[in-house]
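Following: one structure in structure tokens, then a few remarks.
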Amino acid sequence: MWGFLKDLNDKGTTIILTTHYLEEAEMLCRNIGIIQHGELVENTSMKALLAKLKSETFILDLAPKSPLRSSMAISIDW
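Number 78 marks the last residue of the sequence shown (the UniProt record's numbering); no jumps.
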């Protein structure tokens, strides 16, 4: 299916693709838009987006554990 979509796009057809996988978007798209909570938060070229993602981000949550959070972690085997 991806080959078919790429062929269509190479012939000039605009395709709107939804995916959660950056690898798919990188392989198939020249431009990318990112929607977060129903709002378009990024609309740029794939090259510009990848340049922004060169840094690593770590989030450290120091909030005390609550019983609810503990039970959620157990329920997802974390």
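No residue lacks a Cβ here, since even glycine has one placed at the ideal position from N, Cα and C.
Here the structure is a predicted model, which means the values were calculated and not measured.
(request) Go ahead and pull the three-state DSSP assignment for TYR3. (result) The sequence shown places Gly at residue 3, not Tyr. Three-state result, GLY3: helix.
(message) Given this structure, state the Cα-to-Cα distance separating ASN9 from LEU53, to the nearest angstrom.
(response) 25 Å
(request) Please classify LEU49: is it buried, with 16 or more other beta-carbons within 10 angstroms of its beta-carbon, or exposed? (result) buried
(request) State the start and end residues of the unbroken beta strand (DSSP E) segment that holds LEU40. (result) 39-45
(request) Have a look at the DSSP bridge pairing and note the partners of ILE16. (result) DSSP output for ILE16 lists no bridge partner at all.
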